[in-house]
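Everything on this sheet refers to the single structure shown next.
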Amino acid sequence: MRKASILITGLLAAASVALVGCDVQKTQEGSVQAPKFEVSKTQEGNVNLPKYDVTTPDVKVGTTETTVNVPKITTEKETLTVPTIGVKTADEKKAEGKS
């Protein structure tokens with residue numbers, strides 16, 4: 069369970085780092101042609117909205133002191149194997165290719 073959560077966390081971190089290191093260049097222009105519509109009014113409208121009388125509840129928020137049992141947590145050091153990630157950005161790859 070612990071190894072799976074560490075692995076998932078590592079993969080999410082790698083995906084976020086990979087997206088930040090992208091170099092995007094536009095290679096083609098795009099265009100959109102939206103359809104054109106003609107609309108004509110066929111009758112006059114009249115809007116008459118209903119009216120409401122609303123009585124809202126009274127809400128009082130406060131604090132009070134009480135005694136509860138609170139568990140005490142201790143920690144200890146433990147050696148774990150965690151995933152590592154190496155990322156080369158697009159700029160680093162270009163610089164490496166030019167050398």
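Numbering-wise (the numbering used here), the sequence shown opens with residue 69 and increments by one.
Every residue gets a Cβ at the ideal spot worked out from N, C-alpha and C, and that includes glycine.
Note that the structure is predicted; figures quoted are calculated from it, not measured.
Quick one: measure Cβ to Cβ for A81 and I153, integer angstroms, because I've assumed they're closer than 8 Å.
-> 6 Å
Between the beta-carbon of P139 and the beta-carbon of L79, is there less than 9 Å?
-> no
DSSP state of K145, grouped into three classes?
-> Collapsing the DSSP output to three states places K145 in coil.
Assign S108 to one of three DSSP states: helix, strand, or coil.
-> coil
Secondary structure of K71, DSSP reduced to three states = helix
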